[in-house]
Amino acid sequence: MSEKKYKIQDIRNIAPVDLLSQVRDIKDDGYRFVQLCGTKKEEGYEILYSFDKEHVLLNLRLIISDEDEVESITKEYWPAFIYENEVHDLFDITFKHNALDYGGNFFKTAEPYPWK
Amino acid sequence: MGTFKIGKVVMNSLFKKPATLMYPVVPREWKDRTRGHIDISEPDCILCGMCSKKCPTNAITVDRTSSTWTIERMQCVQCGSCVESCPKKCLTMAPDYTTPDVEKTVDTFEIPKKEAAGGSGTAQGGELKNNIEECIYCGLCAKNCPSDALKVDRKEKVWEVDRDACVTCGVCVEKCPKKCLKIE
Amino acid sequence: MGKRTIIPFGPQHPVLPEPVHLDLVIEDETVLEAIPSIGFIHRGLEKLVEKKEYTEMVYVIERICGICSFGHGWGYCAAVEGAMNIEVPDRAEYLRTIWHELGRIHSHLLWLGLLADGFGFESLFMHCWRVRETILDLFEETTGGRVIFSVCKPGGIRKDIDADTLSRMVKTLKDLKKDIKELTDVFLNDTSVKNRLCGVGVLSKADAEELCAVGPVARGSGVVQDIRLAGEGKYDDIGFEPIIETGGDSYSRCKVRIREVFQSIDLIERAAEMIPEGEISVPVKGNITGEFITRMEQPRGEAVYYAKGFDGDKASRHLERMRVRTPTNMNIPAMVKTLQGCDLADVPMLVLTIDPCISCTER
Chain A
75 MSEKKYKIQD IRNIAPVDLL SQVRDIKDDG YRFVQLCGTK KEEGYEILYS
125 FDKEHVLLNL RLIISDEDEV ESITKEYWPA FIYENEVHDL FDITFKHNAL
175 DYGGNFFKTA EPYPWK
Chain B
113 MGTFKIGKVV MNSLFKKPAT LMYPVVPREW KDRTRGHIDI SEPDCILCGM
163 CSKKCPTNAI TVDRTSSTWT IERMQCVQCG SCVESCPKKC LTMAPDYTTP
213 DVEKTVDTFE IPKKEAAGGS GTAQGGELKN NIEECIYCGL CAKNCPSDAL
263 KVDRKEKVWE VDRDACVTCG VCVEKCPKKC LKIE
Chain C
201 MGKRTIIPFG PQHPVLPEPV HLDLVIEDET VLEAIPSIGF IHRGLEKLVE
251 KKEYTEMVYV IERICGICSF GHGWGYCAAV EGAMNIEVPD RAEYLRTIWH
301 ELGRIHSHLL WLGLLADGFG FESLFMHCWR VRETILDLFE ETTGGRVIFS
351 VCKPGGIRKD IDADTLSRMV KTLKDLKKDI KELTDVFLND TSVKNRLCGV
401 GVLSKADAEE LCAVGPVARG SGVVQDIRLA GEGKYDDIGF EPIIETGGDS
451 YSRCKVRIRE VFQSIDLIER AAEMIPEGEI SVPVKGNITG EFITRMEQPR
501 GEAVYYAKGF DGDKASRHLE RMRVRTPTNM NIPAMVKTLQ GCDLADVPML
551 VLTIDPCISC TER
């Protein structure tokens with residue numbers, strides 16, 4: 075049995091300006107969108123995008139500062155609106171041109187931006 | 113025509129005994145491995161405090177000065193970490209659940225004081241000492257230490273104890289083949 | 201032109217196992233649009249990594265959901281073991297696979313019961329849950345708990361199953377096959393049930409791929425996707441093929457889940473024959489660094505687990521980030537799409553066919 079597919083960790087660091095063009099190439103290749111994860115670092119945030127094709131994962135990592143705005147990928151992958159609204163409601167990261175923006179009301183929490 | 117396909121199941125259940133138990137009139141039978149609540153055997157406890165360190169919900173409090181072992185029954189999630197980490201194996205997982213109550217129960221157990229037998233098993237104070245000429249650096253003490261406080265190197269002939277991590281539980285004293293370790 | 205009204209569905213509704221809110225825009229009993237919103241059960245469990253060490257965090261992650269509890273424990277342990285490069289012994293992997301498949305059987309039986317309750321067939325609901333009790337008794341005998349097992353830890357598992365108990369378990373499951381067959385016969389062949397399920401909530405294959413659906417929702421529409429093929433666990437050695445149906449409606453999704461129950465019983469039987477002797481865990485010491493992302497096939501679909509430790513000198517026993525992405529999170533857009541154009545009376549059925557586990561979605 076060759077190297078198991080789940081052990082392959084393919085994580086690429088990219089700059090925020092390259093995000094949309096990379097995502098368009100990935101979509102043309104036939105990848106499926108898997109998840110979007112936000113992490114709070116000491117300075118700024120880190121966002122991890124994951125895509126999957128034939129049970130192998132491809133990940134893109136974005137490092138942004140507190141005030142940066144990120145382009146939304148809902149034009150390529152519509153289901154991403156759930157994750158972008160969740161990350162916006164928890165961490166206060168703004169996504170520009172979101173196809174379905176709840177304006178901070180997707181996740182009902184007692185205080186706004188609790189994980190900021 | 114597929115109607116009333118559930119007829120056979122319904123007819124069978126009319127003539128079988130019910131699937132439910134008339135609890136609490138009929139008591140429930142517990143399985144052996146059911147994780148119900150924690151029991152302690154007081155004479156064996158040496159108040160080392162390992163269970164309190166490993167508990168993920170901070171349900172156990174060990175008080176050395178007043179010699180008591182306290183558990184908050186409602187904080188305990190019956191995970192079993194304390195049972196696995198106790199060096200004297202005095203904690204057991206009993207299969208019946210804590211009875212429901214209107215307030216959160218806290219159980220305190222008195223641990224009888226032991227005389228210092230100059231050898232194994234006292235945690236009432238004292239320090240771990242090694243008779244370094246007898247030591248063969250086999251490393252059995254370090255392997256069995258529940259708080260990873262010992263460092264033994266056979267090639268370099270090094271034996272060290274981290275005084276902050278050592279809880280003087282006495283497991284190393286028991287395991288040493290040359291009996292060169294003492295707590296006093 | 202009829203008049204448009206907006207009806208709120210949930211968070212309290214007799215058919216929903218967990219609270220979710222939908223705003224339905226309807227015109228004369230036909231639903232035009234559905235707008236979901238969640239957040240009623242957000243407990244912030246992922247933020248607890250700041251307080252709990254990585255060995256204690258497994259007890260928190262297990263309690264994210266009561267139905268898919270074993271899958272979460274295994275996924276977390278797999279992510280931590282991957283980040284620290286630990287090899288788990290073979291016997292532990294086989295036992296984890298057996299418990300995971302038992303979890304799949306009990307989850308699908310629970311869902312079948314809820315589906316029957318959703319269209320008003322209460323006696324079928326009670327019978328499905330009566331059969332499920334046998335599975336829960338098996339869990340209690342081997343792990344100690346009926347719903348929360350606490351049997352996985354980073355490095356292996358905590359309790360072993362001896363050969364007698366294993367063979368008794370396989371015999372109980374084989375005897376249970378007859379009971380399950382009688383009940384699933386009702387779901388698949390009874391005319392009144394088929395009237396509620398066939399042709400309702402059709403999701404075409406192109407839509408399922410576009411909306412990135414996962415789990416039985418995707419497999420019921422013909423998309424070949426099952427993370428058990430990617431390699432976690434011992435599925436390659438046991439031999440396994442995913443179950444695909446091409447109908448795309450609620451009936452196909454129901455059929456996929458029923459066939460998966462029988463397939464799981466066969467998988468457990470084969471795993472119990474092939475299980476080797478050996479250790480059940482390896483010791484794990486030290487700080488955690490590095491990151492790892494892995495996936496599990498939960499009963500509801502694909503779940504992603506991502507664990508990241510601090511780097512360099514800040515490495516400690518705490519993780520920096522633990523992220524669990526659950527399958528219901530990904531199926532909500534598919535649910536919104538199937539709700540467009542359906543009857544108002546079918547809304548509870550369509551919400552139930554994606555098998556919503558909202559406490560997993562919001563952690």
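Protein chains in written order, with my numbering: chain A, 75 to 190; chain B, 113 to 296; chain C, 201 to 563. The beta-carbon is built from N, C-alpha and C at its ideal position, and this holds for glycine as well.
Residue nearest to residue i in terms of C-alpha spacing, selected from the options
{"i": "L310 (chain C)", "options": "C:P556, C:T561 and C:R563", "result": "C:P556"}
{"i": "L262 (chain B)", "options": "B:K241, B:S125 and B:P207", "result": "B:K241"}
{"i": "E145 (chain A)", "options": "A:H129, A:K190, A:Y123 and A:E128", "result": "A:Y123"}
{"i": "E184 (chain B)", "options": "B:Y135, B:S125 and B:D219", "result": "B:D219"}
{"i": "K127 (chain A)", "options": "A:I137, A:P186, A:D102 and A:D166", "result": "A:D102"}
{"i": "V456 (chain C)", "options": "C:A503, C:D436 and C:L388", "result": "C:L388"}
{"i": "C198 (chain B)", "options": "B:M186, B:E286, B:F221 and B:K166", "result": "B:K166"}
{"i": "A430 (chain C)", "options": "C:T391, C:R291, C:T494 and C:S450", "result": "C:T494"}
Any chain A beta carbon closer than 8 Å to residue i
{"i": "C412 (chain C)", "result": "yes"}
{"i": "G405 (chain C)", "result": "Sequence check: residue 405 (chain C) is Lys here, not Gly. Closer than 8 Å: no."}
{"i": "H272 (chain C)", "result": "no"}
{"i": "G244 (chain C)", "result": "yes"}
Within chain C, the residues that residue i reaches when beta carbons sit closer than 9 Å
{"i": "H129 (chain A)", "result": "Q425, D426, I427, L429, A430, G431 and R495"}
Chain C contact residues for residue i, given Cβ-Cβ distances below 7 Å
{"i": "K117 (chain B)", "result": "D385, V386, N389 and D390"}
{"i": "K143 (chain B)", "result": "E340 and E341"}
Separation of residue j from residue i, as counted between CA atoms
{"i": "A235 (chain B)", "j": "V260 (chain C)", "result": "Model confidence at A235 (chain B) stands at a pLDDT of 48, short of 50, so the residue's coordinates are unreliable; what they give is reported in the following sentence. Those two C-alpha atoms are separated by around 32 Å."}
{"i": "V296 (chain B)", "j": "R266 (chain B)", "result": "One detail in the question is off: residue 296 (chain B) reads as Glu in this sequence, not Val. Each residue's Cα considered, the two are about 25 Å apart."}
{"i": "L93 (chain A)", "j": "G177 (chain A)", "result": "23 Å"}
{"i": "D84 (chain A)", "j": "A283 (chain C)", "result": "14 Å"}
{"i": "V231 (chain C)", "j": "L539 (chain C)", "result": "7 Å"}
{"i": "V283 (chain B)", "j": "I244 (chain B)", "result": "18 Å"}
{"i": "E333 (chain C)", "j": "S559 (chain C)", "result": "22 Å"}
{"i": "T210 (chain B)", "j": "P130 (chain B)", "result": "27 Å"}
{"i": "M75 (chain A)", "j": "D436 (chain C)", "result": "For M75 (chain A), the predicted structure reports a pLDDT of 37, less than 50, and the residue's modelled location is therefore unreliable. A value from the coordinates is still provided. Whole-angstrom Cα-Cα distance: 9 Å."}
{"i": "M257 (chain C)", "j": "T528 (chain C)", "result": "23 Å"}
{"i": "V551 (chain C)", "j": "M535 (chain C)", "result": "7 Å"}
{"i": "E562 (chain C)", "j": "G239 (chain C)", "result": "7 Å"}
{"i": "A279 (chain C)", "j": "L245 (chain C)", "result": "17 Å"}
{"i": "T342 (chain C)", "j": "K203 (chain C)", "result": "58 Å"}
{"i": "T173 (chain B)", "j": "C160 (chain B)", "result": "11 Å"}
{"i": "N133 (chain A)", "j": "E281 (chain C)", "result": "20 Å"}
{"i": "C292 (chain B)", "j": "G251 (chain B)", "result": "13 Å"}
{"i": "E322 (chain C)", "j": "G399 (chain C)", "result": "23 Å"}
{"i": "H221 (chain C)", "j": "H327 (chain C)", "result": "29 Å"}
{"i": "E117 (chain A)", "j": "F165 (chain A)", "result": "13 Å"}
{"i": "E120 (chain A)", "j": "A503 (chain C)", "result": "21 Å"}
{"i": "K252 (chain C)", "j": "E382 (chain C)", "result": "47 Å"}
Contact with chain B by residue i, beta-carbon distance below 8 Å
{"i": "R517 (chain C)", "result": "no"}
{"i": "G447 (chain C)", "result": "no"}
{"i": "L324 (chain C)", "result": "yes"}
{"i": "S152 (chain C)", "result": "Nothing can be reported for residue 152 (chain C), as the shown portion of chain C is limited to 201 through 563."}
Minimum Cβ-Cβ distance from residue i to chain C less than 8 Å
{"i": "P186 (chain A)", "result": "no"}
{"i": "V122 (chain B)", "result": "yes"}
{"i": "K128 (chain B)", "result": "no"}
Residue i: contacting residues in chain A (beta-carbon distance under 7 Å)
{"i": "R521 (chain C)", "result": "T113"}
{"i": "K247 (chain C)", "result": "W189"}
Proximal chain A residues relative to residue i, where beta-carbon distance stays under 8 Å
{"i": "H213 (chain C)", "result": "The premise fails here: H213 (chain C) is roughly 17 Å from chain A at the closest Cβ pair, so nothing lies under 8 Å."}
Interface residues of chain B facing residue i [CB-CB closer than 9 Å]
{"i": "R330 (chain C)", "result": "S125, A131 and T132"}
{"i": "H308 (chain C)", "result": "Within chain B, no residue comes near H308 (chain C); the closest Cβ sits about 18 Å away, beyond 9 Å."}
{"i": "Y294 (chain C)", "result": "Here the premise fails: no neighbours, minimum Cβ distance about 19 Å."}
Residue i: contacting residues in chain B (beta-carbon distance under 7 Å)
{"i": "K252 (chain C)", "result": "P168"}
{"i": "S559 (chain C)", "result": "Here the premise fails: no neighbours, minimum Cβ distance about 17 Å."}
Within chain C, partners of residue i - CB distance below 8 Å
{"i": "V273 (chain B)", "result": "Within chain C, no residue comes near V273 (chain B); the closest Cβ sits about 17 Å away, beyond 8 Å."}
Original post:
What residues in the stretch 236-267 of chain B bring their beta carbon closer than 9 Å to a beta carbon of chain C?
Top reply: D260
Subject >> Residues, ordered as in the chain, of the stretch 482-493 of chain C that lie near chain B by beta-carbon distance below 8 Å >> reply: K485
Original post:
Between the stretch 176-206 of chain B and chain C, which residues of the former have a C-beta closer than 9 Å to a C-beta of the latter?
Top reply: V189, Q190, C191, G192, S193, E196 and M205
Original post:
Using a beta-carbon distance cut-off of less than 7 Å, what residues from the stretch 205-237 of chain C approach chain A?
Top reply: S237
Original post:
What residues in the stretch 521-553 of chain C bring their beta carbon closer than 7 Å to a beta carbon of chain A?
Top reply: R521, R523, R525, N529, M530, I532 and P533
**OP:** Please name the residues in the stretch 144-164 of chain B whose beta-carbon is closer than 7 Å to at least one beta-carbon of chain C, in chain order.
**Re:** R145, T146 and R147
Subject >> Near-chain C residues of the stretch 283-296 of chain B - C-beta to any C-beta below 9 Å >> reply: none
Subject >> Contacting positions in the stretch 83-100 of chain A - beta carbon closer than 9 Å to chain C >> reply: Q83 and I85
Original post:
If you measure beta-carbon to beta-carbon, which residues of the stretch 500-513 of chain C are closer than 9 Å to chain A?
Top reply: E502, V504, Y506 and K508
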